[in-house]
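Listed in order, the protein sequences are those of chains A, B and C.
Mapped onto our numbering, the consecutive letters of the first sequence carry residue numbers 201 to 343.
Mapped onto our numbering, the consecutive letters of the second sequence carry residue numbers 336 to 1000.
Mapped onto our numbering, the consecutive letters of the third sequence carry residue numbers 2 to 175.
Just so you know, even glycine gets a beta-carbon here, dropped at the ideal spot from N, CA and C.
Have a look at the structure below, then the notes.
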Amino acid sequence: MIRWLFALVLAVLAVPLAAQDSMPPAPYAYNQLADEKLEAEAAALMQTLRCLKCQSQSIADSDAPMAGDMRHQVRARILAGESPEAIRGWLIARYGDYVSYEPEVSSTTWPLFAIPVLVILIVAGVLLRRLGKRRDDDAGAKA
Amino acid sequence: MIAEIGLAALWLAAALAVLQMVSGAASLRAAPGEANALAIYARPAAVVQAFLAVLAFLLLLRAFAVTDLSIKLVATNSHSMKPFIYKLTGTWGNHEGSMLLWVGVLAASGGLLAAFEKRLPERTMGATLAVQGFVALGFYAFLLLSSNPFERLPVPAVEGNGLNPLLQDIGLAIHPPTLYAGYVGLSVAFSLAMGALMTREVNPAFARVMRPWVLGAWVLLTLGITAGSYWAYYELGWGGWWFWDPVENASLMPWLAATALMHSVSVLAARDALRTWTIMLGVLAFSMSMLGTFLVRSGVLTSVHAFAVDPERGAFILALLGLYIGGAFTIFALRAGAVAEGKRFAAASREGALVFNNVMLSAILAIVLLGTLYPLLTEAFNVRVSVGPPYFNPAGAIFAIPMLLVMAVGPLLRWKSDKPARIQFELMLIAALVIGVIALVSFFGQFPLLPLLGLGLAAALAVAAVLPLRGRKLVRVPLSTWGMVVAHFGIAVSLFGMACEGAFSEERLAAVAPGGTEQIGDFAVTLEAVTPIAGPNWTAMEARLAVRQDGGEPVFLTPQARSFWSPPQSTSESALLTKWNGQLYAVIGNQAEDGRWQIRIWWKPFVTFIWYGGLLIGLGGILAIAGRLGVDLKRRSATAKGAQRRADVEALGGSGGVPAPQPAE
Amino acid sequence: MRKLSLWIPLALFAFFAGLAAYMLTQEKDQFVESTMIGQPLPAFALDPAVDGLPGASKADFTGRPKLLNIWASWCTPCIAEAPQLEALKRQGVEIIGIAIRDKPADAANFLNRYGNPYTRIGSDRISEVQLAIGSSGVPETFVIDAKGVIRYQKIGDIRPEDVPVLLAELEKAQ
């Protein structure tokens, strides 16, 4: 029973290694664009795209082959003159909001933006109650 | 036999936790001024329990040290050929062992509290120990019912299963127990807060008892997060030091709550204000550490660091969370209304600044909590979203920037009420530094907004942090004030490192043939050779990189791509060249078909300041603890001397018929 | 007012605890579904992945509904699904393969050992087509209708019980 369990654990752990392909990475997976400005654009975008094969890493932080292929897509498309936001849109059309670490206001993400606004209001309210009124009290006490 | 003794010790400790709980609760029933017969057992129960739980942990440690393969936990997580130090650290490199460490620390802190804390009224102390026993009992139940670390194998294993190579690292051997100890320290703060709330003793005396525990937990959390961040930086191989990953957030949230709590408890101790706030934050800080444990262990969130994931255990932790935190919030809602409001203060006062920053810290906590849990919420509706740095950074900055500005000014203000005009010069200086540095940096190039603001704030904060020392005799400044100065300065240092890393980092990814040279910043990096090498349980390709700064003498860096075989896994070992003004970070990747090697190099100016800052913050906390404890000890011996003197006077026959004050029992 | 606001923390906590408890009971899958279902296949043309079989392009998905199978010789679950692909082929289903990051020799070896259910195999060396159709792993199988519109996505290896499901989806796509 225990042996069997070990074998299972080993098999599970071995999968990532077995599932490694031998192909060289795509041209732009590990190479930068020559144009510094374009490379900076690409790098900024890659930081905000999720590696779909990884647990929770951006494609800029991952050695997974698929992350490399996604980096290639990003750099190649930037080089072809596409804007970073268009590339993000292209990926979102394929994988949904999950692929982007930068949530955009939509029917599924609006609370992410509404709640901080609410927090700002609460913070302002609490501060006014805690601090604002006191000055009046003090003024009243002095008068 | 050893394992059975460990298990028995745990069961006994659990029984004592019940006694501690019942006895502590009994003290609540005692009329003021008299002791309940049952109540006297709470303290001894806590102390003995501490010994038993620590004993259980030491026995498990021994089992790992001698690789006792008849114990299931050892067989699944250790290996007889592993280096000795990793055999020991393997004790808490797994779910059961780390939970045992957790209860060991929990019981030990409960024991310390029970043995040495004599300042609180007995009823409050009883209630506190009851809560502490109740919390401990839940974790004993968790260990004994669902994750017994001492479980035997029917037949001893021939060989152990080994440990994840990522965990065979000294950084990761230290980082989790430091964090756990921090989490557990917050449990004492929680018990004290609940005890004080139940007995309506929320006052400065209670705050002074609570303060060292909060400070201690906060120092451990600070150091734990700092170590974890540096580990991720050098081990993951892409130069990132903070990913806003759910597990990282799970450690950041208790820190944010503990930071707020630490300041709030200081206000309560010094000025008898912010009573309800302190209680609220005490509950919040511990709930955040339990929430963190839940998120890491249950696997409900996707994370790089998730380990020992098991939904059944998740359900158990969630039940404990509901019991403690749900219960605490219920008591809070019922009782907090009855806690009298503390002393009042003006907006422009030290309390005012502290309140402002506590509110800001809570707001940042709310944002981090929201961003971390939001994907969980949408997943309930079968929609998957990702929330990452592009969300956390600006949303956090909305609150962090005003907070840092107020943090610069706050320590310069007087307690209770102050006039901003009094510190006109300091205010002008801080404003000039922020604006001046931002203008100066923007003059040299275009940089992202947040790092730019960070640079301006860091400069202002660094100066503002030492301003409270202005015009004071340095040797006369209390140790705890030094603690504050050092910690605030540490924030500035850390912020400076983060901003520099964000604004000025340079990256070079290239395919390099042996002999080829790449230029990055002032450095010329030459790939001299790539050679295979072998370690104890891995093989690696090691690159030899000659780094020349401005054409000077070369320094050699040797990054490796390692392949472990038990368990089979590959890691990239980055090589770091640390200069006073930054780090050169080199990683070797794969070989291309044309024979060239993938090399990744970063020049990260002042990146080390992030962790130096973290260490300074921790040091500040340690100084503050030392200062406070020193004062407490002095006060204690002074009280003892005073009592002695009064007794002497009384013995001399009373001076002029003045009735000696009756000591209140 | 003050009394009421004291209950807010408990309410927030109860909401979280309820959510977490619900999520614990849910089956946790790591699948990222393609949001291209219902969309036409993007244009592509891939070179042959092995000698002797033609490559694949968008134009091949006409005439009748077909399966698009994303696979690779280095992928272990692909071995497990080979018999099911054979079964589908025997039922008269046309399966067009796309080999991800594969070398011709490796792909040919795989087909020799585990059988060849494909009529065409395109070689996608840089996961270009995989990304374009919103696939996030191997193996994955898509049902493409006669007009070249993506109708259904099966993530992971095809189990015996998935075969009728795929046949039904192909029927639906008529």
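Check this for me: beta carbons of residue i and residue j, under 8 Å apart or not?
| i | j | result |
| --- | --- | --- |
| B/I945 | B/S829 | yes |
| B/V618 | B/A698 | no |
| C/D61 | C/R121 | yes |
| B/K407 | B/R535 | no |
| A/R271 | A/S258 | no |
| B/V549 | B/A593 | yes |
| B/L514 | B/L556 | yes |
| B/N693 | B/A595 | yes |
| A/F313 | A/V323 | no |
| B/L363 | B/G461 | yes |
| B/L1048 | B/L345 | Residue 1048 of chain B lies beyond the range of chain B shown here (336 to 1000); nothing can be said about it. |
| B/R749 | B/S684 | yes |
| A/C254 | A/A244 | no |
| B/F667 | B/L521 | no |
| C/T50 | C/P140 | Here residue 50 of chain C is Ala; the residue named in the question, Thr, does not match the sequence. Contact flag unset, no. |
Can you give me the Cβ contacts of residue i inside the same chain, cut-off strictly under 8 Å, excluding the 5 residues immediately before and after it?
| i | result |
| --- | --- |
| C/K90 | I96, P118 |
| B/G962 | P813, L814, S815, T816, W817, G818 |
| B/V389 | G439, A442, A443 |
| B/S481 | E647, R648, F651 |
| B/L387 | A344, L345, L347, A348, L351, A442 |
| B/L396 | L423, T426 |
| B/G677 | L603, R606, D607, A608, L609, R610 |
I'd like the list of long-range same chain contacts for residue i, defined as Cβ closer than 6 Å, with 5 residues on each side in sequence excluded.
| i | result |
| --- | --- |
| C/I9 | none |
| B/A795 | A743, I765, L768, V769 |
| B/N496 | T411 |
| C/L167 | none |
| B/A910 | L892, T893, P894, A921 |
| B/Q355 | A377, A380, A381, L464, G468 |
| B/V324 | This structure gives no information on residue 324 of chain B, because the portion of chain B shown stretches from 336 to 1000. |
| B/M623 | M588, P589, A592 |
| B/R1005 | A question about residue 1005 of chain B goes unanswered here, because the residues of chain B that appear run from 336 up to 1000. |
| B/C835 | P940, F941 |
| B/I758 | L747 |
| B/T613 | S599, V600, L603 |
| A/L208 | Legend: pLDDT at A/L208 = 34, less than 50; position of this residue unreliable, value from coordinates given subsequently. Cβ neighbours of A/L208 beyond the five flanking positions: none. |
Bridge partners for residue i per DSSP, in chain order?
| i | result |
| --- | --- |
| B/M597 | DSSP, once it has assigned bridges, lists no residue as partnering B/M597. |
| B/L954 | Answer by DSSP bridge pairing: none, since B/L954 is not bridged. |
| A/S258 | A/R250 |
| B/W900 | B/P903 |
| B/T913 | B/Q918 |
| B/K939 | B/Q918 |
| B/T402 | Answer is none; B/T402 lacks a bridge partner. |
| A/G300 | A small correction: the amino acid at residue 300 of chain A is Ser; Gly does not occupy that position in the sequence shown. For A/S300, which the question treats as bridged, DSSP gives the partners A/L249. |
| B/I868 | B/A875 |
| C/D125 | C/I101 |
| B/P889 | B/R883 |
Apart from the five residues just before and just after residue i, which ones in its own chain have a Cβ nearer than 7 Å to its Cβ?
| i | result |
| --- | --- |
| B/F385 | Per the sequence shown, the amino acid found at residue 385 of chain B is Ala instead of Phe. Closer than 7 Å at the Cβ level, and outside the excluded window around B/A385, lie A442, A443, G445, G446. |
| B/W577 | S564, E583 |
| B/F642 | Note that B/F642 scores a pLDDT of 49, beneath 50, so its modelled location is shaky; the value from the coordinates is reported in the next line. Excluding residues within five positions, none has a Cβ falling inside 7 Å. |
| A/A211 | Per-residue confidence for A/A211 stands at a pLDDT of 34, beneath the threshold of 50, marking its modelled position as unreliable; the derived number appears in the next sentence. Closer than 7 Å at the Cβ level, and outside the excluded window around A/A211, lies no residue. |
| B/A782 | The identity of residue 782 of chain B in the sequence shown is Phe, whereas the question assumes Ala. The answer, listed in chain order, is V776, A838. |
| A/Y298 | R250 |
| B/I1057 | The shown model of chain B, from 336 to 1000, leaves out residue 1057 of chain B, and the question about it has no answer. |
| B/V409 | A398, F399, T402, D403, G495 |
**Q.** chain C contacts from the stretch 260–277 of chain A (Cβ-Cβ distance under 8 Å)
**A.** P265, M266, D269, M270, H272, Q273
Q: Residues of the stretch 710–729 of chain B with a CB closer than 7 Å to any CB of chain A: list them in chain order, please.
A: T713, V718, R719, V720, S721, V722, G723, P724, P725, Y726
Q) Got a sec: which bits of the stretch 142–155 of chain C sit with their beta carbon under 7 Å from any beta carbon on chain A, in order along the chain? A) Listed by position, the residues of the stretch 142–155 of chain C near chain A (Cβ gap below 7 Å) amount to none.
Q: Select from the stretch 501–522 of chain B all residues with a C-beta closer than 8 Å to any C-beta belonging to chain C, and list them in chain order.
A: none
Q: Within the stretch 39–121 of chain C, note down every full beta strand (DSSP E) run reaching 3 residues or more, in order along the chain.
A: 67–72, 96–101
Q | Members of the stretch 46–80 of chain C near chain B, C-beta cut-off 7 Å | A | none
Q. Going along the chain, which residues of the stretch 775–792 of chain B sit with their C-beta nearer than 7 Å to a C-beta in chain C?
A. none
Q: Residues of the stretch 232–260 of chain A with a CB closer than 8 Å to any CB of chain B: list them in chain order, please.
A: Q232, A243, Q247, T248, R250, C254, Q255, S256, Q257, S258, A260
(Q) So if I threshold CB-CB distances at 9 Å, which residues from the stretch 540–573 of chain B count as touching chain A? (A) L571, G572, W573
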